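K.L.:
If you read the sequence shown in our numbering, its first letter stands for residue 97, the second for the next number, and so on.
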Amino acid sequence: MPRSSPPSKRKPPTTAPRALERLIERSLRQGTQALYRDAALYDHLYAQRKDDIGFYVKMAQRHSGPVLEIGVGTGRIAVALATAGFEVVGIDAMPSMLRQARSRIAGLPASVQARIVLHRADMRQFSLGRRFPLVIAP
97 MPRSSPPSKR KPPTTAPRAL ERLIERSLRQ GTQALYRDAA LYDHLYAQRK
147 DDIGFYVKMA QRHSGPVLEI GVGTGRIAVA LATAGFEVVG IDAMPSMLRQ
197 ARSRIAGLPA SVQARIVLHR ADMRQFSLGR RFPLVIAP
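(1) Should L224 and V168 be called a contact, given that it needs their Cβ atoms to be closer than 8 Å?
(2) For Q144, does the count of other Cβ atoms within 10 angstroms reach 16, so buried, or fall short, so exposed?
(3) Quick one: using the 10 Å Cβ neighbour count with 16 as the cut-off for buried, is M97 buried or exposed?
(4) Can you find the residues in the same chain that come closer than 6 Å, C-beta to C-beta, to I212, ignoring five residues on each side of it along the sequence?
(5) Can you tell me which of Y138, L116, E117 and F151 puts its alpha carbon nearest to the alpha carbon of R195?
(6) DSSP on Q144, reduced to helix/strand/coil?
Laid out in structure tokens, this is it:
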């Protein structure tokens, strides 16, 4: 029997109406962690979502300082903020999301990579030993 590849390496399923309906049904049965376990699928579903990025960049400009992103996921917002010149510290509880974020960050210029630090942590209880002028949870 062929072995399936790890979730982050699988090609995301099509978002055809029936496939999307099955995904929603599975998510309702398993809870939101079903979506967050499959980082490639998460990226596929959120690939077109870009309208919020400008909002977070403007907020970072307004507060001019390092940004803490709670629930950094696959790094969609963190990468945009770091590309705009901001230091970003991201936390997430899901190893699959952090792996996908690290993979995304690895493809960036070194100067942008240096502005992003990721931690595995539970948003309900964590300590980074510092304060941030802006905390976001997209």
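Ideal Cβ positions, reconstructed from N, Cα and C, are used throughout, including at glycine. Here the structure is a predicted model, which is why all the values come from computation and not from measurement.
P.N.:
Checking against the coordinates, here is how it stands:
(1) Position 128 of the sequence shown, counted from the first residue, corresponds to residue 224. Position 72 of the sequence shown, counted from the first residue, corresponds to residue 168. No. Outside cutoff.
(2) Taking the first residue of the sequence shown as 1, we reach residue 144 at position 48. By the neighbour-count rule (16 or more Cβ atoms within 10 Å), Q144 is not buried but exposed.
(3) The sequence position of residue 97 within the sequence shown is 1, counting from 1. Reliability fails at M97, whose pLDDT of 41 lies under 50, so the model's placement of it is uncertain and no value is given.
(4) Locating residue 212 in the sequence shown gives position 116, counting from the first residue. Correct list, in chain order: A174, A178, V184 and I201.
(5) Counting from one through the sequence shown, the residue named residue 195 turns up at place 99. Closest option to R195, Cα to Cα, is Y138.
(6) Here residue 144 corresponds to residue number 48 of the sequence shown, with the count starting at 1. The answer is coil: DSSP assigns Q144 none of H, G, I, E or B.
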